[in-house]
Amino acid sequence: MTDRLGELTAAGVAVWLDDLSRSRLTGGNLDQLRREKHVVGVTTNPTIFAKALSDADAYNWQLRDLAARGVTVDEAVRMLTTYDVRWACDVMRPAYDASAGVDGRVSIEVDPRLAHETEKTVAEAKALWWLVDRPNLFIKIPATLAGLPAITATLAEGISVNVTLIFSLERYTAVMEAFLAGLEQAKANGHDLTKIGSVASFFVSRVDTEIDNRLDKIGGDAAKALKGRAGVANAQLAYERYTEVFSSERWQALADAGAHPQRPLWASTSTKNPDYRDVIYLEELIAPGTVNTMPESAMNAYADHGETRGDTVTGSYGTARKVMSDLAEAGVDFGDVVAVLEREGVQKFEASWQELLAGVRESLEAAAEGSRRPNAAAQGHGEKAEQAGGNA
1 MTDRLGELTA AGVAVWLDDL SRSRLTGGNL DQLRREKHVV GVTTNPTIFA KALSDADAYN
61 WQLRDLAARG VTVDEAVRML TTYDVRWACD VMRPAYDASA GVDGRVSIEV DPRLAHETEK
121 TVAEAKALWW LVDRPNLFIK IPATLAGLPA ITATLAEGIS VNVTLIFSLE RYTAVMEAFL
181 AGLEQAKANG HDLTKIGSVA SFFVSRVDTE IDNRLDKIGG DAAKALKGRA GVANAQLAYE
241 RYTEVFSSER WQALADAGAH PQRPLWASTS TKNPDYRDVI YLEELIAPGT VNTMPESAMN
301 AYADHGETRG DTVTGSYGTA RKVMSDLAEA GVDFGDVVAV LEREGVQKFE ASWQELLAGV
361 RESLEAAAEG SRRPNAAAQG HGEKAEQAGG NA
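Below, the structure written as structure tokens:
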């Protein structure tokens, strides 16, 4: 059988899973994906955790303990999510060790309600770093205007960062500047640069969704011909920008000190339009030194029928620029597109966070009520805590 995900890996793309849940950990699914599907990293976000924690049964024993302690809902969410992320870090540790710290990373996001508050974001990043206490952790910080200085400050503390919600080349350039400044400060602060990692999560399919809607309103054959092309073109031009920045003398000075480059990570890579090939955002964004984080459904689709045609990015810059130029001529204001996407991205994660808080609040109340009735103690508590490398 053809090992298509192995071919993707050999082409320089790190395969990461865009999902995490307690059931994946207890059932061994995450470890199986690492061993059999070339998965070398994990990303999470508030929406993923809201879905995971909706399965209260998987978290019952920990919820009972948290309820008994009378913790706040916010603290309970942090204990539940960092427990899973710590456990996932341990599962992915072999990939971290095998890649000298480049892969094997697991991401957890700062509270999305802090997306426009720099100092609180940095404080939250530190708290998460301390709570999880694993070297292969990534703290996710959104690439908002307030997030940029937070990225620099967090890296300066020696904390690894996954920058999320990047939609435009201009903001991506600012993210790379924040990364370089952060590493320079980390070096000045005496941190070992070989231990600090970072990726820049460039969102893909959401760009097409927003632009396709605008093209439908514009109408006509020329507009129709541009549908489904912006997301890939935008990401391809981002990779061009990446190669420019990470071949500079400024970067070389950091590389000489042991720093790893901030790799582009293609996020939002499952297709939203059923008319598009389901692996288009995997096949068209193959380039050395990149990460593609995907839900397991997209991973399975690529394993079944994905085509690895070598580097599909580097030779595409001219075509990509033409696509962006044609979009502007058609009347698509790309600056407005990315502003809308960033605003909606933060709002969606805030909404998921509120959903998460509400679900945990309900579960805590149910657990507290249950503890007032005679029942048997939760079994396997100590074993589970030891497996996850921590406790509630």
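Quick note on numbering: the sequence shown equals residues 1 to 392 in the UniProt record's numbering.
Cβ atoms here follow ideal geometry from the backbone N, Cα and C, with glycine treated the same way.
Range of the contiguous beta strand (DSSP E) that encloses residue i
i	result
S107	R105 to E109
N273	Here N273 belongs to no beta strand (DSSP E), and DSSP marks it neither H nor E.
D97	No beta strand (DSSP E) contains D97, which is instead part of the alpha helix (DSSP H) from R93 to A98.
G41	V39 to T43
L165	V161 to I166
Cα-Cα separation, residue i to residue j
i	j	result
T72	A174	37 angstroms
N273	F349	21 angstroms
Y9	T269	A quick correction: the sequence has Thr, not Tyr, at residue 9. Approximately 16 angstroms between the Cα atoms of the pair.
L137	T43	10 angstroms
E307	K126	41 angstroms
W87	Y242	32 angstroms
A76	S201	28 angstroms
Y281	P112	26 angstroms
V291	V245	17 angstroms
A238	G315	13 angstroms
A339	D326	20 angstroms
A98	T194	14 angstroms
L5	A14	10 angstroms
Q62	L183	38 angstroms
C89	S352	23 angstroms
R93	A223	47 angstroms
Supposed close pair residue i, residue j - CB separation, criterion 8 angstroms
i	j	result
M299	K37	6 angstroms
I141	A150	6 angstroms
Reduced DSSP category for residue i - H, G, I as helix; E, B as strand; rest coil
i	result
N300	helix
R206	helix
D18	strand
V340	helix
residue 394	Here the chain has residues from 1 to 392 only, and residue 394 is not among them.
A11	coil
V102	coil
S201	strand
P135	coil
T154	helix
R5	In the sequence on display, residue 5 carries Leu and not Arg. In this structure, L5 counts as helix in the three-state DSSP scheme.
P196	The amino acid at residue 196 is misidentified as Pro; the sequence shows Ile. In the structure shown, I196 sits in coil (DSSP, three-state: anything other than H, G, I, E or B).
Q149	Gln is not the amino acid found at residue 149; the sequence shown has Pro there. If DSSP states are grouped into helix, strand and coil, P149 belongs with the helices.
A265	Position check: residue 265 holds Leu in this sequence, whereas Ala was assumed. Strand, per DSSP.
L364	helix
T308	coil
V291	strand
A257	coil
G370	helix
D333	coil
S248	coil
Local Cβ density within 10 Å of residue i, reported as buried at 16 or more and exposed below that
i	result
R34	buried
Q262	buried
D275	exposed
N189	exposed
P374	Since pLDDT at P374 reaches only 47, below the 50 mark, its modelled position is unreliable, and the value read off the structure follows with that caveat. P374 should be labelled exposed.
W129	buried
G41	buried
T81	buried
N213	exposed
Opening and closing residue of the alpha helix (DSSP H) in which residue i lies
i	result
M176	L169 to A188
I48	P46 to L53
T243	A230 to V245
V323	Y317 to A330
D221	D221 to A225
D31	N29 to E36
R64	N60 to R69
Min CB distance residue i to chain B below 8 angstroms
i	result
Y83	No chain B appears in the structure shown, which is made up of a single protein chain.
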